[in-house]
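For reference, the structure is listed below as structure tokens.
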Amino acid sequence: MTSLRMLPNGLNVIQVNQAETDYLYHEIFTDAVYLPPGGVTLPKRPVVVDVGANIGLFTLFAAREWPGALVHAFEPVPEVFDVLRDNIRALPGATAHNVALGGSVGRRELTYYPGYTMMSGFDPDDEANLELVRAHVANTAGPERRAAVLDAVDAVLAERLVGHNVACEVTTLTRFVADFAIERIDFLKVDVEGAEVEVLQGIDGDTWRKIGFLVVEVLDRDGELAAVRRILRESGFTSKAHQDAAYRGTGLHLVHARPAGL
Numbered sequence: 023m024t025s026l027r028m029l030p031n032g033l034n035v036i037q038v039n040q041a042e043t044d045y046l047y048h049e050i051f052t053d054a055v056y057l058p059p060g061g062v063t064l065p066k067r068p069v070v071v072d073v074g075a076n077i078g079l080f081t082l083f084a085a086r087e088w089p090g091a092l093v094h095a096f097e098p099v100p101e102v103f104d105v106l107r108d109n110i111r112a113l114p115g116a117t118a119h120n121v122a123l124g125g126s127v128g129r130r131e132l133t134y135y136p137g138y139t140m141m142s143g144f145d146p147d148d149e150a151n152l153e154l155v156r157a158h159v160a161n162t163a164g165p166e167r168r169a170a171v172l173d174a175v176d177a178v179l180a181e182r183l184v185g186h187n188v189a190c191e192v193t194t195l196t197r198f199v200a201d202f203a204i205e206r207i208d209f210l211k212v213d214v215e216g217a218e219v220e221v222l223q224g225i226d227g228d229t230w231r232k233i234g235f236l237v238v239e240v241l242d243r244d245g246e247l248a249a250v251r252r253i254l255r256e257s258g259f260t261s262k263a264h265q266d267a268a269y270r271g272t273g274l275h276l277v278h279a280r281p282a283g284l
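The opening residue of the sequence shown carries number 23 in my numbering; numbering runs sequentially from there.
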């Protein structure tokens, strides 16, 4: 069930789960994790592509950070897409797309967790997700609360990680760029719960040359971090990987990249 929420910065949003909204707000608005250290300079009216938009907080952030931005936000789960669309409806430069990005065009089954929408994905690993949350709690909870919170994590996630399959459309970034006659992408954000390599594989050479900056969240379970950085390097980009202190000891990283020489 959705609810209306006023964020600490005064924005009103519709949310699916309050705990997720709190987490996303802190990550996107407070810590600005998707921006590289020192920030990034974009042209006037930049084109921003938000892959894995969820309820739209990064799209809202982009609209505030870069006034006049044209933002394309992708969210494949219909229930979450409806919330995304409502949250960004008032932004004249924002468009919501009810489709996933991947390595090829077609239809796929996605596992959707209504109780933990951020963990939804094509190939979710419940055990890996549990370990990720436990590590986050261990790294961020105060010593006096850590043991009690960790004891509760398993029970809470057992309730929230109850999912069902949802059929969704999949396209590639290259097909999207062609279909919408996109001339450039100034900022590409990819946060897709394990499908990041596939998203990058769906970008051809001409499309890579349109991209000015990108950030990718990578969960390194089986060499994904190295694979992402290899694709970036072979596509003419230099990249830097960063791990937030909250995820110390896990495989979760953010990779910021830009064309070599810039």
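Beta carbons: idealized from backbone N, C-alpha and C, even for Gly.
Considering only their Cβ atoms, is the gap separating residue j from residue i smaller than 8 Å?
i      : j      : result
GLY289 : THR194 : Since the first residue of the chain shown is 23 and the last is 284, residue 289 is not available in this structure.
ALA54  : ASP72  : no
ALA91  : VAL70  : yes
LEU274 : VAL237 : no
MET140 : ASN76  : yes
ALA116 : LEU132 : no
GLU101 : GLY137 : no
ILE36  : ASN109 : yes
GLU205 : LYS232 : yes
ARG243 : ASP147 : yes
VAL105 : SER142 : no
LEU179 : VAL155 : yes
Relative to the C-alpha of residue i, which candidate in the options has its C-alpha closest?
i      : options                           : result
THR162 : LEU46, ALA200, TYR47 and ALA268   : ALA268
PRO30  : VAL38, ASP108, LEU46 and ARG107   : LEU46
GLU97  : GLU87, PRO89 and PHE80            : PHE80
PRO89  : PRO68, PRO100 and SER142          : PRO68
THR279 : ASP266, GLY271, ARG251 and SER261 : The sequence shown places Ala at residue 279, rather than the Thr named in the question. The option with the nearest alpha carbon to ALA279 is SER261.
GLY74  : PHE235, HIS119, ARG251 and ARG243 : HIS119
GLN265 : ASP44, PRO58, SER142 and ARG156   : PRO58
TYR135 : VAL184, ALA263 and LEU210         : VAL184
GLY32  : ARG86, LYS66, TYR56 and PRO65     : ARG86
ILE225 : VAL199, VAL214, ALA203 and GLU215 : VAL199
Let me know if residue i comes out buried or exposed under the rule of 16 or more other beta-carbons within 10 Å of its beta-carbon.
i      : result
ALA208 : One point to set straight first is that residue 208 is Asp, not Ala, in the sequence displayed. With 16 or more other Cβ atoms within 10 Å, it is buried.
GLY61  : exposed
ASP228 : exposed
SER25  : exposed
THR63  : exposed
ASP176 : exposed
VAL38  : buried
ASN151 : buried
THR52  : exposed
ARG107 : buried
GLU149 : exposed
PHE202 : exposed
Return the chain-ordered list of same chain residues with a C-beta closer than 7 Å to the C-beta of residue i, the five sequence neighbours on each side being excluded.
i      : result
MET28  : ASN34
GLY258 : TRP230, PRO281 and ALA282
VAL240 : GLU218, GLU246, LEU247, VAL250, HIS275 and VAL277
ARG197 : VAL127
What is the residue span of the beta strand (DSSP E) that residue i lies within?
i      : result
GLN40  : Careful: GLN40 lies outside any beta strand (DSSP E), inside the alpha helix (DSSP H) at 40 to 47.
PRO100 : Where PRO100 is concerned, there is no enclosing beta strand (DSSP E), although the alpha helix (DSSP H) it sits in stretches over 100 to 110.
THR133 : 128 to 134
GLU97  : Segment: none, GLU97 is in no beta strand (DSSP E) and carries neither H nor E.
PHE259 : 259 to 264
Note the first and the last residue of the continuous alpha helix (DSSP H) segment covering residue i.
i      : result
ILE253 : 246 to 256
PHE51  : PHE51 -> no alpha helix (DSSP H), and no H or E assigned at all.
PHE13  : Since the first residue of the chain shown is 23 and the last is 284, residue 13 is not available in this structure.
GLU223 : A quick correction: the sequence has Gln, not Glu, at residue 223. 218 to 223 is the span of the alpha helix (DSSP H), which, as asked, contains GLN223.
Check whether chain C comes within 8 Å of residue i, counting only Cβ atoms and requiring the distance to be less than that.
i     : result
ILE36 : This model lacks chain C altogether, as it is built from one protein chain only.
Excluding the five sequence neighbours on either side, which residues of its own chain have a C-beta within less than 6 Å of the C-beta of residue i, listed in chain order?
i      : result
GLN223 : GLY125
ALA84  : VAL70, ALA91 and VAL93
THR212 : Looking at the sequence shown, residue 212 is not Thr but Val. Counting only Cβ-Cβ distances below 6 Å, and skipping sequence neighbours, we find VAL73, GLU218, VAL221 and VAL238.
GLY234 : ASP208
ILE253 : LEU222
TYR56  : LYS211 and VAL237
Kindly list the residues whose CB is nearer than 8 Å to the CB of residue i, restricted to its own chain and excluding five residues on each side of it in sequence; keep chain order.
i      : result
GLU153 : THR272
ARG130 : ALA122, GLY124, PHE144, ALA189, CYS190 and VAL192
GLY216 : GLY143, PHE144, ASP145, PRO146, ASP147, LEU241, ARG243 and GLU246
ALA157 : TYR269, ARG270, GLY271 and THR272
THR43  : ARG27, LEU29, VAL35, GLN37, ILE77 and LEU79
LYS66  : GLY90
Run the proximity test for residue i: is its beta-carbon closer than 7 Å to any non-hydrogen atom belonging to the ligand SAM?
i      : result
LEU154 : You won't find the ligand SAM in this model; it holds no ligand whatsoever.
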